[in-house]
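The numbering used here puts the first residue of the sequence shown at 140, with every later residue one more than the last. Here the structure comes first, spelled out in structure tokens, and everything after it is commentary.
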Amino acid sequence: MEYFIYALNHTYTDESHTDTKFLGFSNSLEDLEKLKAKAVLMSGFRDYPDCFVTDCYIMDKIHWNNGFEKVIGEIEIGRDYIEKGDEIDENCISVKQLGLSTVFSVSHSYTIHTFLDDERYIGVFSTLEKVEKAIEELKNKPGFKDHQDDFIICELDLATLLWSSGFGSC
């Protein structure tokens, strides 16, 4: 059985760039609306109130199963590059059924040079054991095997806004 979780992002474009800010995970749309209501009061977010995006991710799914060969942004035909959430079908049910209060978000990031990092989102997991198993599976895949110590694991509380202040132009 597959479970899914909701994610709230804020993606906006101004005159100089496009930026996405991850705001949090939740097991219900109602909780995501509460997070959005808090964020929209903050500078930056209130300037782009129509830029909140809700996605769904399948729990315990490993993205980038085949590894990688190129830097993000370069075309990788046949690779598992995710820009949006997963496709959820009628057989996938909310993680709310599991009674979780936290989840584990995993990414992989390494420095190419002083001002450039290459980062991939690996997935969101229900337990630390599943995270560790996923990382072990990926460590010997192309790209990851050259940067085995660059996995980032974050334990995140559900329905918690990850931004404590807004943002502005630099």
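Here a beta-carbon is modelled for each residue, glycine too, at the ideal position from N, C-alpha and C.
Q: Return the CA-CA distance between G217 and E294, expressed in angstroms with no decimal places.
A: Confidence at G217 is low in this model, with a pLDDT of 40, below 50, so its placement is unreliable and no value can be given for it.
Q) If you drop the 5 nearest sequence neighbours on each side, which residues of the same chain put their C-beta closer than 8 Å to that of H247? A) Taken in chain order, the residues that qualify are W203, E258, R259, I261, L277, F283, H286, D289, F290, I291.
Q: Keeping to the same chain, check which residues put their C-beta closer than 7 Å to that of L171; ignore five residues upstream and five downstream.
A: Y145, L147, S165, T193
Q. Buried or exposed: H197, going by 16 or more other Cβ atoms within 10 Å of its Cβ?
A. The amino acid occupying residue 197 in the given sequence is Ile; His does not appear at that position. With 16 or more Cβ atoms within 10 Å of its Cβ, I197 is classed as buried.
Q | Per-residue DSSP class, three states only, for E294 | A | strand
Q: State the DSSP-derived secondary structure class of E141, mapped to helix, strand or coil.
A: coil
Q. To the nearest angstrom, how far is it from the Cα of I214 to the Cα of Y142?
A. Low confidence applies here, because I214 scores a pLDDT of 40, under 50, leaving its location unreliable and the question unanswered by this model.
Q: Return helix, strand or coil for F306, following the three-state DSSP convention.
A: Three-state result, F306: coil.
Q. Whole-angstrom Cβ separation of K200 and D228, contact assumed at under 8 Å?
A. The Cβ separation is near 13 Å, so there is no contact.
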